[in-house]
Structure formats: C-alpha cells, structure tokens
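Enquirer: In order, the protein sequences belong to chains X and S.
The first sequence begins at 31 in the numbering used here and counts up by one.
The second sequence begins at 31 in the numbering used here and counts up by one.
C-beta: ideal position from N, C-alpha, C; glycine also.
Can you keep this structure in mind? I'll have questions shortly.
Number of protein chains: 2
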Amino acid sequence: MLEKLFDPASVAVIGASRTEGKVGRAVLDNLLESYSGRIIPINPKADEILGLPCYPTILDAPGGAELAVVVVPAVLVPDALEKCGLAGVKNVVVISAGFKEAGIEGSKLERRCAEIVKEHGMRMVGPNCLGIIDTASGLNASFAASMAKKGNISMMSQSGAICTSTLDWADARGVGFSKFISLGNKADLSENDFLLEMEDDENTAVIAAYLEGVKDGPKFMEIARKVSRKKPIIVIKSGRTAVGSRAVSSHTGTLAGSDEAYNAAFSQSNVIRADSVEQLMDLMRAFSSQPIPDGRNIAIITNAGGLGILAADACQFAGLSLSSFDESTIEKLRSKLPPASSLYNPVDVLGDARPDIYGFAIETILDDPNVDGVILLTSPQAMTEIKNIAEVVAEKCAHTKKPILCSFVGGTRIEEGEAILNRHHIPNYPFPERAVVSMAALCDYGVMREHEYVLPEKFDVDKEFVSSLLKDAISNGRRTLGLESFDILRAYGIPVVETLNVKTLQGTLDACENMGYPVVMKVLSADISHKTDVGGVRIGLENADDVERAYLTMMSDVRRYMPHAVVSGVQVQKMITGGKEVIIGMNRDVQFGPLLMFGLGGTYVEVLKDVSFSVAPVGVDVLKKMVSSIRTYPILTGIRGESPSDIASIVDTLCRVSQLVSDFPEILEFEINPLMVLPEGQGCVAMDIRLTLGGE
Amino acid sequence: MLEKLFDPASVAVIGASRTEGKVGRAVLDNLLESYSGRIIPINPKADEILGLPCYPTILDAPGGAELAVVVVPAVLVPDALEKCGLAGVKNVVVISAGFKEAGIEGSKLERRCAEIVKEHGMRMVGPNCLGIIDTASGLNASFAASMAKKGNISMMSQSGAICTSTLDWADARGVGFSKFISLGNKADLSENDFLLEMEDDENTAVIAAYLEGVKDGPKFMEIARKVSRKKPIIVIKSGRTAVGSRAVSSHTGTLAGSDEAYNAAFSQSNVIRADSVEQLMDLMRAFSSQPIPDGRNIAIITNAGGLGILAADACQFAGLSLSSFDESTIEKLRSKLPPASSLYNPVDVLGDARPDIYGFAIETILDDPNVDGVILLTSPQAMTEIKNIAEVVAEKCAHTKKPILCSFVGGTRIEEGEAILNRHHIPNYPFPERAVVSMAALCDYGVMREHEYVLPEKFDVDKEFVSSLLKDAISNGRRTLGLESFDILRAYGIPVVETLNVKTLQGTLDACENMGYPVVMKVLSADISHKTDVGGVRIGLENADDVERAYLTMMSDVRRYMPHAVVSGVQVQKMITGGKEVIIGMNRDVQFGPLLMFGLGGTYVEVLKDVSFSVAPVGVDVLKKMVSSIRTYPILTGIRGESPSDIASIVDTLCRVSQLVSDFPEILEFEINPLMVLPEGQGCVAMDIRLTLGGE
C-alpha cells in the first residue's frame, strides 16, 4: 500500500507560483479546486500565494506535509527532495522534466533523485510527469486542465499528454475515474506498484494503462496475473515497431522489448491488449459499466438492416456467435413485431420502430437463455424517436445482468439519445464494429479471469552438472559448446540422438556397432562450415561395410575439396526416420528475459515465420497452447490420414527447456534444431543444438 | 447520362400526404425545402396539399412531370408506374417497400415494375429505397430527415438507414455531398449506372458506396476500372462472412458472392475497400479535401511524444515511411524549436508549444522535398491554444499541395479547434491511428490511378477443337473428362506431361519406349479411388524390365486387394523430377464469374490456405502480382541457395487458363493439380487436371 499518496492530509507545492500559465500555478489551482486538506505553497520569493501562507523551503513549513509536488527546474530537484526527506514527507510527485528523457546528464540527475528518495524512505511518482489525481479524496496534484469525473476506472499513463487527452475525451462522454496517474520516467514507482495499489482499491473496477515499456517484466507478469483475476487490466503498449520504439527511447528514455515478448507476457498474465488508444477507450467504457457475459452468444437488435449485417460480419471476425433463439422467443417476437421484421438474429425491428417495440424486443431477447449479451443498433430514421429509445434501453439495461452495448449511428440527430446513454453509463459506439469488438473483449475476459495459473513444472534434473559445465566453459572463454550441449539436454531429461565424435576408422566402426544402424556420418573440422558442399555428410549407412566405404571416400573427398582443412575426425549419429522436424528456440528479451519460440522446421519457420512465443518460466497449459497456436499445427495432428505426431513430448521438452533457461541466465541463446518428433507415443529426439553463453 | 434524374424541371409525388409522420408528407416537405422546380402532389383523396394543387393521378396533372417519386403501397406501384409511362415521365424513384426483400410475391411484383419501366423507356431508382438527393440542383427527393450540405462527395448506398446515418454523421462534421443515392433493390438502376453518371459529374470528386452486392460483376469491374482513374471510388461491401451474407439476403434480397471474389474484383478495378463504415467516412473526408501525395514519405508533427509514437507505429503497420529530413530542415527546426524538442521524425514541438511554433514547424517541414504528407497531432495540454493552432494549420494547409491530416485528441477542450478544422475542410480524426490509415489510402490511390490497364492476352489457340470436345461431352451427359482434359490444355498451349492409357503389357512397354524413361504407372479402374492403397501406383520405373515387373506385380496386388474391381488397363506417364508443385484452380463466383486461384501444392494449400485470387479474364500484370502475393512466394524464387523456379511459365499458364475459362462458361470448375514447375528457363508441366462441366 502506498500510504498517504492518494489521500494525504497535507500537500506542499515546491515551486508554487502565482503567475498564470506557470505549472506551479496550475498545480495550486487544481489543488484548491477540490482538495480539502492543507495546501502549502513553497517558494523562497513569496510570503503568500493565492491567500495561502508560503514558505521558502519545506523545512520552514510548520508541520511539514505528507505529500510534496515538485515543479522546480530539474537541477534543483535533488535539493528539494533532500529537504522533503528531512521534513518527513512521505511521498513526492516530481512533475519537473529534464531527466532521463533529456540525455546522459539527465539520467545521472534522475538516479541521484531515486537515491535520495530511497535514503529517506519516501516514494516518488515521476519525474517528467503530469501528476496524480484521486477523485475519492478530491486530490488533484497535477497540472491537468481539469479534474476527472468520479468513476470506477483507474488509469495510468507513461505519457502526460495522453493523460490530458484521455481526461478531456472522457469528460465529454461522462466517463469517470477513480485514480489517474501520470507515470513519467518511473524512477521509483512504476506500473507494478500501482497495479498492486489498485488491486484492493474499492473505488477501482477497471485498470487501464498506456505504457511505452514495463520496468520489471517478470514482476509485472506476476502482479498482473494476480490482479487480473479480480479486475480487468487493459493496456496499450506503444513502440511496437522499429520506428515506434526509436521514438519511445527519445520520449521517456524507455528501452522497448520486442513486441512478441509483450504479446506473450500480456497473454500469459491475462492482460487485455488494446490495439489503439481508441480501442483502449472503447474497452474502458465497456468494462466500467457492463457485466461480464457468461458466454459468447450475442443477439443483435437493429432498426436498420445494413447496420445489422455489418455487426453480424464483425461478430464472426471477432469470434462471437450469433445466438439461435428459442422457438418461444421467436413466437413472442412474431406476436408483436410487424410482419416484415426479421425475427432471427440479427433482429430487424424495421426503420419505423417506436420505443415500445424496441423495449419489447430487448426484453424478449434478454429473456432468452441462449443470449449472453446484446448489441443494439439504431439509425436515426424519419420516424425514429431517439430520445425515447435511449430511455427504454436504459430502463431495460437496469434490469438485466447481461451486457448491452449500443451503436446509435449518426451525428446531430443522435446526440440527445447518446447523452441519455452516457448518463446511464451504457456505452454508445459511433459504429457497430466497435461495439462488437468491445463485446468480444468482455467475453474474452470472462474466460481469462476463470483461468487458474499453472505453476511451471519442476523436473528432477541434474542442475549441478550443467552448472559446473557452464562455469567451466565460461571461465575458459568459450561462448559456444560442442557435444557437451547434448549432455546439458540429457541432464534436463530431454532425449537426444545418440552421437559420438571419433577420430579413427576403427573408432567409427566401434561407435556405429554400439549405437546400431542406420547411422549418419559428418566430418569434424573447425575449418569446414558447409559440410555438405565438400562431401562431408553421409546418411543412411546400414552396416559396417557402408560405414567403412563412407569414411574412406569422405576423407578423400574432403581432402580434394579443401586440402588445407584440419580434420579432427567424424561425428556419427543414429539416423532417425519417420519423424517431423520442429524447432525450439530461446533468446533473452531486454524486458521479460527468456523468450521461448516454437515452430515447425524448414520453410515453415524460414519463409512463413509461423512461430509462437512464450516467456519462461511457464506452465504446461501455456506451452500446450503455444504448440497448438501455430498455423501449421494440423501438420502435427496429422493430415491426409497421416498418424499424429507425439505432441505431448514436444510440450514436455518445452517444459524442460523452460526450466533450463530459467535456471541458467548465462545461456543467452538456445536452439534445438531440429527436434525430431516421432509418431504419437514414440517421443521426440533432439538432433542438434546451438547454445550461446554470456560473459562471466 | 441519366437525363433529368438529378435536375428535373418538375417532380410528382405519387402518394403525397399532408399527414405528419407519413413518408408521403416527408418527401413533400423535403422537396419544398430546397427544390425550385414544380412540385406536383398526386393523391386521389385531396385537391390540395400544403398549398400545392393535387391530382388524382399523374395523368390528370397538366404538363405531367419529369421525375416521379412513388410512395404508394407495393401492390399499387405497377399501376402508378404504368400511368407515369403514359404521362411521359422520364424517371421514377420508388421508395415503397415490399418487393424482392419481402419474398416470392414481392419478387414477382418487382419484376413487373422493371418491365413496365422498360416498356415506357423510363429509368427507375429502387424500389425499397430512401430516395435521391442532388445538392447542386437542390433536389431532395427522399424522406431523409435533412438535406445534405453541398460538397464534392457522391455517395450511394444499398441501405437507406446507412444513408440516413451517414447524412447525419456528415452534417455534424461539415462534410458535404454532391449526389446522394439510396439504391434500394436496384431493380433497374444500379451502382454501375451511377458510377458512369458520377464519372463526368463536375460536382463529384469522390465516389463512396455501401454495397451488399453488385448487380453485374464484370460490368462493375469494367466501369470501376475506368472511373477510378479519374476519381477515387471507396466501397464498403457488407455480408463478408457466412452470417453476414445470410443477413444480406433477408435485407435487400441480394445474393452475395464470395468475399475473395470481391477482394480480387475491387483490387483489379482499383476500388478502395473500406473495412468498416467508420473507415469509409474517414477516407471520404481525406479524399474530399486533401490532395493525393506524390509518395509515401510522411512527417509526423506532435505536441505529445506518446501520440507521436502511436502514429509512428501506425505508419509502419500501414506501409508508410517516416521522412528523413534534409540537414537544412533539421538546422532550421533547431534554430527556433526549444532545445528539448525532438527534431527528427516524429517532430515533438513539446507540450507547451504555441501556435507560432506549430506554424513554423509545419511550414519548415512542408518545404522539405522528402515530405509527401503531414500527420499533425495535438493534445490539449495546459498551455495549448487549440483555437489558434487550428487556425495556423488551416492557413498552412491553404498554401501547400501536400496533404495534411490532423488528430486533435480529446473532448470538450478540442471542440473549438475541431470546428475550425471542419470549416476549412481539414479532416480531424479522434485518434492518430485513423489519420495514418487515411493517409495510407491517399498514397495507395496515387499509385492506383497511374496504373494502366493491361488487356488480357489473346493467345492463338485451338478454340474450335475444345468447343466440339466439350459440346460432345455435354451432349453425352458427361460432367467430368478423362484424358481428353489433357488435350484441352494442349489446345490452349499449356504443356502437359506425356500420358497414355494402355490396356496390355505390350502396349505399356511400347508406350514407355516411345515417351522415354523414367515413367510412372497407375492402375486404371473406375472402381478404385485410392490407387496407392491397393498397390496401384509405381513410380521411378527406369527401363523395360522395371516396367514389366511393375505391371505384373501391380495386377496381382490389385487383384488381391480388390478382387472385384474391373481393371481397364494402366496409365503411364513420363516422370518429372526436380520441380515444385503448384495448383491453378477456377470456380465460378455468382457475381463475378470465373475466379482463378493460385497456390503452392500440398500442405501450403491444405493447411495454410496460402492462395491468391483473381477474376478472369485478366491481364498479365495482375497475374504476376497474384503469383508473387502468396506468402510462400520465396519458395518459388528459391530459398537456401536453391535455384529459382520458372515463375514466368506459371504466369503464362495462368494467362492461358484465364482465356480458356473465359472462352467456355460451360467449364464450371477447373483445377490443374499439380502443375509441376521446373527451374527457371525449363517451363512447367501440368501433371493432372480436374474439370467439371455445366449442363446444356
């Protein structure tokens, strides 16, 4: 709990000003407008500002303050914070800019501020932010142009301007907030702290965020996973593309991780990702006012056939079903609706439908057990009584536990109706498609919040062996490993193909005899990168004769093609047939750490990029979904009468890789390519592995 | 030209009424509001309505009327039209509903109306429509709630309610129209007629349409192709999904073609397809007011870093580039912008930027030759002078030939600025992403309109041979063909693999000797559908011995597995190796006719549905694009050092198939599967063909 941050008994404004247009004045005005606690302006050049006694420093103010809002120039901020600490201030909001976002000097200054805050046991919002708002306590410690309306949404944003725009947008639509936090550079408090704060905040039902990055990826996932079971978390994450993430780093100095990692992390922690600010707002409205539906069967009611069709299309695209009504529902509709109406979903009450017909249709359809939610569409046609229809909708909405989302489509002629819907907190979307997408998000969340988190499995592995092997390699300055990589997999219970490096013909023959035929033979030489091109690979060797002939011709071929290559021997490998090649990879994301990748081998990965991702450590449920979510998954379940592959063994291997890369952060990159997957029940075998180690 | 439809000297309203709330009154009111010609109410029960002399029938009205608007009940419409014809009316607008959309009886009535109209040489809009509007002539022959503002957009819609919503939406944003047409059931006049009408209409610069289907697909493509070179055509086509298209048929009785066919047809005729009504409106605004940019290099100017990042992301997703400014531009910006500004694209003028800074930045950036268009973003921050900024934007916009699209993001605090932008016809989008998508559409159209239509090639083929072969098959009641299919391909210059059906071992040996080895042998039997399962396929036969052994063992295998199968012989085929399998298919779309399909064979088609479409007959330019647009195209150009496939031969085959299926509508379905494509320069060979014929 961030004690006294949102409901302090007193607030000091360090850098308060009486000059209109200055931030120090705007903050003071905002506090004066709705905050009932003590307000203490701090400014060495004034005795009084706006009727309030003013002090040169916070140390001079009798009784100090629980919260300090800092608006002095960046270079003066460390000193101001130091004084806050000495004066016993609990929390500070640093609005001043000129820190990490401004370059190296600013970064130093920011680190200094964070240190001071920590030394004194204070917590800090910002720097480089707009401030914070709490509508319950009446606190507006920001230079926002207006106070937020009261509501149940808590929003945080890494962009002050997006705070401003959102507040203004919401105000015009009657959308209210509980807490509003401009995160700024997040030198101390970040989204993670506020997620925890909002989890148990009784005034918060919906959490929304504009983020350019997260401060601590794994922590974010852990917290979001927990909080999202109680309240929906809707996030827009910008800087998704190369150009976007370049712009991010010059904005708040945030280092953006890969968009794939964010997608995986959000999905694993049940965070709802909005694709645009508009969608963020659309979803905020739906979640803040409507119940979560029990299922995905939706009814569309419209007075305009065309709008109904557009909504029906949108439902299919969004993965929603159109309800099939009970026969009794249809009969009831038939009894009152005009003959030309469409009684089946979408229900068209026709262009001249009056409010009572709307009300009857809504009520009848809401009563049908096959209906989980309603999309209500209205075009302001010649006979349409917009105002009365909106009132009927509001009345029906008050008596149902199913969500209703509206789209009254028009301009001036729908304004009055829209105002009524706004007043009753029934979201109205300018066009049907947006209502449908919002409904789908409500449905998705209904599934998400029921989902029990599955702990990553902990296999009984030989961690010590791997640990000493890696330590040894790193201390010898080796960044990649040879056959020892196979031992690492074995230590973690991942089946690997029998493989031996041998130096002589006799050694080769013995090795093959031991492992059994058929075998594959490859030349071993640090000088040869494309083995196939120099005759350095032989497959399908069935017996000792084959092996001897292959060994001798290979040696002569290699000598002929690359006379100067130093050959250290050959590698023999048991040949595996009848399997399908898949790839399991891992690299480390700057924000979330180990990012696992899965896909089918060959062109599917190379050309189609048909791969899926998850952040490790990760449970078996997510890994199952990861495997089944690639587009080429049917190839694994078996097409054209083929027998299915051993998918369980892929998932098991992914679980073990998840554990391995989580146990050893020094493994920077990792790839099993290919993992040969045999038919169901026969497991899988790692055929080759690539592993890159980090420094000491 | 639809003479006197939009500017008649006189308009009769058949079914005029003085009763408020009736359509016959609404139409009369609308005419009285802005139309300066003669208005003639027709109603047998009144002598005068709203001060106008009223007549029992149009035949009683002295001088008749050039246009008649019909609002009487459906069953009375044929008689009313008959009288219009006798009275010399040129055009009719039938608003009355109860026709094709209402079932079989309605369909009959509609056909009857179309016949009457034709007999009398009249043209008809509707039935089941809202009416038509022409702002130039002041004609509002509709029951829309209000007259459209004057503007340069002409819109047609198959849904009357979407007309109403659009008019109301546009009115609130100062968006004006030239012509507004509610198409209704399109019993006579359709989108094709109005496209031609708008092509040369000097008041129309942009054509927009909501369609549930097109009346004549090939004609639509021909007309749209021509018109889109002069004016952008933006279409939203609903009923894209199964549920949506079911809803379409109960709305206007339109039979929806496949969405793939619409996509192909729109793309081939340079129609811009909007994904939602919202996008239709967004694009209408951009096209109606902004010039078409010369290229895709866009500058973003913002007073809010966060908005800039969102726009940068959106640019990348939309395929736009961020301009790299000239060094002189950067220097100039540096000279006046505050030090903390970002001078590189996106340009952040900072939250406290005043109008003069905005103006300076816009002007400087517009001057840079690397900038083709500007996206201007504004958040209403504490110091932001929205009104003055909007005025500066308007001024700069008036002096440039580059498009500027704005996104002032907020609610009440941006209203004043938005009103100024609306007044100056500078589109303002509520969120940055929509401005970016609209800019991309402007850029796309710039490329489209320059594109010269390439005539489908006409190869010298043996059409008569195919014609008689097909005629023969059909008259014998055959729906599929055997080896004759290969002859059809040969007649159209498509290489086919050498294939022979033979009855005896000796015949087989002779055939193989003639075609050369290696060969493939397949059992021929109408009773065996899965040849491989009964040992009925042998590949890679290298010489006469192989063939003899294969023949004998195949016969005994088949006898053992399927003792009752009647075997008529074997098929021998030259074996082709070293190629890649592709598929060329065709089926007939209800709206557009022959729809060609192309894709790589096997799992790529079966699992990934990685295919592309085009409507035949079609030129080589589109077919080239069709081949290169599949996701797996790199497999054809060669990956992993493979040599490229003979892509030119695929395109050539597609051209010839296009001609074949256009020449013979009796070919209902057609598939070459596989077409074996050899390395570049070596052509391709059809290995198998499936062909279904239609009835007599």
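1) Which residues mark the beginning and the end of the beta strand (DSSP E) in which Tyr19 (chain S) is found?
2) Tell me the rounded alpha-carbon separation between Cys542 (chain S) and Val567 (chain S).
3) Would you list the residues sitting across from Ser372 (chain X) in a DSSP beta bridge?
4) Please go through the same chain and pick out, in chain order, the residues whose beta-carbon is closer than 7 angstroms to the beta-carbon of Ser659 (chain S), but skip the five residues on each side of it.
5) Please go through the segment 283-365 of chain X and give each complete beta strand (DSSP E) segment of 3 or more residues, from N-terminal end onward.
6) Quick one: is the Cβ of Ala46 (chain X) within less than 8 angstroms of any heavy atom of the ligand PLP?
7) Assuming Pro323 (chain X) and Lys432 (chain X) form a contact by the criterion Cβ under 8 angstroms, report the distance between their Cβ atoms to the nearest whole angstrom.
8) With distances taken from CA atoms, which of X:Leu630, X:Val423, X:Pro674 and X:Asn452 is nearest Met656 (chain X)?
9) What are the residues that DSSP puts in a beta bridge with Lys552 (chain S)?
10) For chain S, is any of its Cβ atoms less than 9 angstroms away from the one on Leu340 (chain X)?
11) Taking Cβ-Cβ distances below 7 angstroms as the criterion, which residues of the segment 698-718 of chain S are in contact with chain X?
12) Between Met314 (chain X) and chain S, is the shortest Cβ-Cβ distance under 9 angstroms, so that the two count as touching?
13) Hey, Lys261 (chain X) and Ile237 (chain X): beta-carbon distance below 9 angstroms or not?
14) If I measure Cβ to Cβ from Asn446 (chain X) and keep anything under 7 angstroms in the same chain, skipping five residues before and after, which residues do I get?
15) Under 9 angstroms, CB to CB, which of the residues in the segment 413-429 of chain S have a partner in chain X?
16) What is the rounded straight-line gap between the Cα of Arg203 (chain S) and the Cα of Ile162 (chain S)?
17) In chain order, what residues of the same chain lie with their CB nearer than 8 angstroms to the CB of Leu582 (chain S), ignoring the 5 residues before and after it?
18) In terms of residues, what are the limits of the beta strand (DSSP E) holding Gly629 (chain S)?
19) Would you list, in chain order, the members of the segment 123-139 of chain S that have their beta-carbon closer than 9 angstroms to a beta-carbon of chain X?
20) Starting from Leu225 (chain X) and walking both ways along the alpha helix (DSSP H), at which residues does that stretch end?
21) Should Tyr522 (chain S) go down as buried or exposed, given a rule of 16 or more other Cβ atoms within 10 Å for buried?
22) Identify, in the order they occur along the chain, each residue of the same chain with its Cβ nearer than 8 angstroms to the Cβ of Ile606 (chain S), setting aside the five sequence neighbours on each side.
23) Of all the options S:Met469, S:Arg315 and S:Leu380, which has the alpha carbon lying nearest to the alpha carbon of Thr332 (chain S)?
24) Report yes or no: do three or more beta-carbon pairs, one from the segment 135-142 of chain X and one from the segment 196-213 of chain X, lie closer than 8 angstroms?
25) Roughly how many angstroms separate the alpha carbons of Gly243 (chain S) and Asn617 (chain X), rounded to a whole number?
26) Ends of the alpha helix (DSSP H) at Gly115 (chain X)?
27) Taking one C-beta from the segment 385-404 of chain X and one from the segment 354-373 of chain X each time, how about it: are there three or more such pairs within less than 8 angstroms?
28) To the nearest angstrom, how far is the alpha carbon of Met551 (chain S) from that of Asn544 (chain S)?
29) Among X:Asp640, X:Gly94, X:Leu350 and X:Ile264, which has the Cα closest to the Cα of Asp312 (chain X)?
30) Under 9 angstroms between beta-carbons, which chain S residues line up against Gly325 (chain X)? List them in chain order, please.
31) Rounded to whole angstroms, how far is the Cβ of Lys245 (chain X) from the Cβ of Glu221 (chain X), which I believe are closer than 8 angstroms?
32) Among the candidates X:Ala91, X:Leu116, X:Val124 and X:Ala95, whose CA atom is the shortest distance from the CA of Val105 (chain X)?
33) What is the rounded straight-line gap between the Cα of Val600 (chain S) and the Cα of Ala556 (chain S)?
34) Consider the Cβ of Thr49 (chain S): report whether some Cβ of chain X lies at a distance smaller than 9 angstroms.
35) Roughly how many whole angstroms lie between the Cα atoms of Asp305 (chain S) and Ile302 (chain X)?
36) Is Gly570 (chain X) near Pro548 (chain X), with beta carbons less than 9 angstroms apart?
Expert: Well, looking at it:
1) Residue numbering for chain S in the displayed model covers 31 to 726; residue 19 (chain S) lies beyond these limits and cannot be assessed.
2) 15 angstroms
3) X:Asp378
4) Ser642
5) 327-332
6) Among the ligands in the structure shown, none appear at all, so the ligand PLP cannot be discussed.
7) 6 angstroms
8) X:Leu630
9) S:Val567 and S:Gln601
10) Closer than 9 angstroms: yes.
11) none
12) no
13) yes
14) The displayed chain sequence assigns Glu, not Asn, to residue 446 (chain X). So the qualifying residues of the chain are Ile416 and Lys417.
15) Met413 and Thr414
16) 21 angstroms
17) Leu535
18) Gly623 to Leu630
19) Result list: Ala127, Gly128, Glu131 and Ala132.
20) Glu221 to Glu229
21) Flag for Tyr522 (chain S) reads buried.
22) Val527, Met706, Leu708, Val715 and Met717
23) S:Leu380
24) no
25) Rounded to the nearest angstrom, the gap between the Cα atoms of Gly243 (chain S) and Asn617 (chain X) is 49 angstroms.
26) Val107 to Leu116
27) yes
28) Taking the straight line from one Cα to the other gives about 15 angstroms.
29) X:Ile264
30) Near Gly325 (chain X) there are no residues of chain S at all, since even the closest Cβ is about 17 angstroms away, more than 9 angstroms.
31) Correct: roughly 7 angstroms between the Cβ atoms.
32) X:Val124
33) Near 12 angstroms, if we compare the C-alpha coordinates of Ala556 (chain S) and Val600 (chain S).
34) no
35) 23 angstroms
36) yes
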